[in-house]
């Protein structure tokens, strides 16, 4: 996986589970069986392989996989294990397995799952089912080791999938046990190919061929028939017999004639025979490494206290001793399931203490290698529950509070037995934090209240805490409860909790104070109290610096940036975005959450400026994290801005697909504000694209203009009402019901000026609509004056979107303003205003690429990017070594304007520093 710099490791996905096992060059191929299965399956669409362990199921599937690829079909592979019976883990791996069929959707779904692991998986599975069925490419989905699946939700998904398999799709499923699926209809209709034990068993002639080609053992057909009678052709039994023969002093015929399975289990007898014939150091190595789920030479050396890991793995591989390579580089291996189960059983019998010791040593090694989930699992396997709880308590805050990786934290908590959760208040609190940001606010609040109850009554949990630790836990519980409430979009309640906490919290609780201010700032943002929101975000930032928390800093800058955008202060929003980018630092697996948060602000600024050519570059990280964690606002920005960029590029259908996915997300996670906002965006984009009838149909389908619905919280009704009225006015304008539109617009302007005067973006939008209505009513002079007021204010920030979104109905008004323009030299402000009008016309007429506004309209073309003349001037001076202060004096600009232009230059030429910008200037011969 390599979509916009992301890797599967960020989603805790083992890529080895997504690849078929390697087929040894000397392996016995089952060409006839493989070809028969392929021919039959091409007509039925479903192949099941059910047989006992060691029957060659995985080898046959790997052969089918290879043949399907040769036939130019997309092939997807998924090997299941015990963990995959959990809905969230199964869903994650299934998406990863079909990633290459639709990388963009898969990345988005993985990100959303990581952010929101507490889900209704039936609806999620239904959505995934629809997407799989709609895939047009021919592909084959291979699923191995299905015996681990019995989860009703997962079984329900598979029953639906096999019932609705499309003509382009084939499913191949392998299992040791009978499949828990309803196959009766397919069996009756003959639409299934079934490979059972008897088809996988080797014939006598195949035994002869196998012994000679794989083990270099010459065997007569008569002896092969004898071996076949004893083993019934079971592949693993024959392989074990071959290994035993290789180490026997008897002839092949004598060995086979003396071999029976009458007195003991055939499997156990053969395994013990093979194990007993191996050199002692090999036997020791096998037993000591048997508890390992997967292993490398380094891990083997650590747990065995030997230094022969590389040599032993090489020996096992060359001698075909039930070892499976998990990567092409042959770094990671595992034992065949049958062999692993036997070895573990043997080690537990002969030395149970050693089994536990190996697991603990493996846990420590994984912990040092930052393979924390595996470390925790090894502690749990060894019954070292306290150590597992200690590790989670120590490391989970970093994942939850700094990286925003709530999926991993909740996965750890799922693995840890419930009786160990309440032993540590910090563990309860980090669990609450991740639950809050994973759309499970009720659980978060319950956990916080459990901590508060335990602090109030020490006899409940018998925690041993100092007074400082008690205070820290108390205020973390208070702040987390407020955050859980705001994540549930209960903005008024959350505001009250935050204000109450701020009046009592000690001034030394820096991180908690920062969190509470950020939470309050976010709640006020949703309530459209933008100045107060900025104030609390600034306080949150100040305390985040004292706490040394980049995570809290990013949230503060996000809230402040979005509030400033709503107030039309794009330059101040840019300052927030710049600080956020600085705090996020270079992108890597540990800070992609922070980079995405910073990126969302940059993207929204460029959308508001209609710099759509920069939006795609800007959303380098954010677009892959459309499901950013918990609260509505980041989600709304991400879905909305991607849709706007697509619509602007002429792909309205794709834009609507993005919005529909967001709407579905909102419904499945019970986020009415997100759903309403994305439906509103769909209607607005349809009107902008002159599809008024389709927009009205969208509104009717979603009952958009009925805001008095049961699922709409009372505190959201005023905002919903204003938005629905604004879009109704837009719809009336599009339908030439101008007088009705004008009445609504005037009413909304008065309401906004009275109650929400800080919302300049909203006022720009409404006044532009008013200008359009006046023009259509024949009041052209008044229309031009109204639009002139908007442009006079908006041009200073290059705030184009509130005007452009009214579509081409604005064009005649702008052209009228342009025609009345006075000749001669213009003052600076008037020049900026006229250039802004020119740019709006270019944007609306679609006859020029986007350029940044407050500079000359001509542009400089160089090295596949577009710079305005003002940006070229600044780039030359940067190349000459001037500071921002020097450039500001030279060009008679403010320092803020210089920074603004430099920001645009950096994005356009794709650099991140002045040095790189100067190098670029030299490259294109500016200096």
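In this note's numbering, the protein residues as written are 179 to 1105. Note that CB positions come from ideal geometry on N, CA and C, so glycine has one too.
Assigned with DSSP and collapsed to three states, residue 826 falls in helix. Annotation for residue 1052: 1065, 1069, 1076, 1079, 1080, 1083 place their beta carbon closer than 8 Å to its own, counting only its chain and skipping 5 residues before and after. Nearest to residue 592 by C-alpha distance, out of 612, 873, 673, is 612. DSSP links residue 372 through a beta bridge to 226.
The residue among 706, 705, 715, 703 with its C-alpha nearest the C-alpha of residue 695 is 715.
Under the three-state reduction of DSSP output, residue 1090 falls in the coil class, being neither helix nor strand.
Bridge pairing for residue 836: absent [DSSP]. Between the alpha carbons of residue 665 and residue 722 lies a distance of about 20 Å.
Judged by DSSP secondary structure, residue 252 falls within the beta strand (DSSP E) whose first and last residues are 252-257. Contact check between the stretch 939-946 and the stretch 974-985: three or more CB pairs, one atom from each, fall below 8 Å, which counts as touching.
Cβ-Cβ distances below 6 Å link residue 553 to 541, 544, 545 in the same chain, with the five nearest sequence neighbours on each side left out; the list follows chain order.
In this structure, the beta-carbon distance from residue 351 to residue 225 falls below 9 Å.
For residue 512, the uninterrupted beta strand (DSSP E) run begins and ends at 511-513, by DSSP.
Residue 920 counts as buried, since at least 16 other C-beta atoms from the protein chains shown sit within 10 angstroms of its C-beta. Annotation: residue 581 to residue 621 spans about 21 Å, alpha carbon to alpha carbon.
Its Cα nearest to that of residue 234, the residue 375 stands out among 375, 1023, 340, 371. Cα atoms of residue 357 and residue 331: separation of roughly 15 Å, rounded to the nearest angstrom. Looking only at 646, 682, 701, the smallest Cα-Cα distance to residue 669 is reached by 701. Using a Cβ distance threshold of 9 Å, residue 777 and residue 759 count as a contacting pair.
For the pair residue 870 and residue 912, the CB atoms are nearer than the 9 Å cut-off. Setting aside the 5 residues that flank it on each side, residue 931 is surrounded in the same chain by 941, each with a C-beta closer than 8 Å to its C-beta; the list follows chain order.
Under a 10 Å Cβ-count criterion, residue 881 is classified as exposed, with fewer than 16 other Cβ atoms of the shown protein chains found around its own Cβ.
Listed in chain order, the non-local C-beta contacts of residue 344 below 7 Å within the same chain comprise 311, local neighbours out to five positions each way being set aside. 9 Å or more divides the Cβ of residue 655 from the Cβ of residue 614.
With respect to the C-alpha of residue 976, the residue from 965, 961, 1017 having the closest C-alpha is 1017. No Cβ-Cβ contact shorter than 9 Å links residue 972 with residue 961. A residue is called buried once 16 or more other Cβ atoms fall within 10 Å of its Cβ, and residue 812 is buried on that count. Shown here, residue 347 sits in a strand according to DSSP, grouped into three states.
Boundaries of the alpha helix (DSSP H) harbouring residue 392: 382-393, taken from the DSSP string. Under the rule that a run must span 4 or more residues, the alpha helix (DSSP H) segments found entirely inside the stretch 492-530 read 515-528. Residue 1024 is classed as exposed because its beta carbon has fewer than 16 other beta carbons within 10 Å across all chains shown. DSSP, reduced to helix, strand and coil, places residue 427 outside both helices and strands of the structure shown, so it counts as coil. Just measuring C-alpha positions, the residue of 511, 742, 690 sitting nearest residue 703 is 742.
By the neighbour-count criterion, in which 16 or more other beta carbons inside 10 Å mark a residue as buried, residue 709 falls on the exposed side. Assignment of beta-bridge partners to residue 322 by DSSP yields 257.
In the structure shown, the three-state DSSP call for residue 984 is coil.
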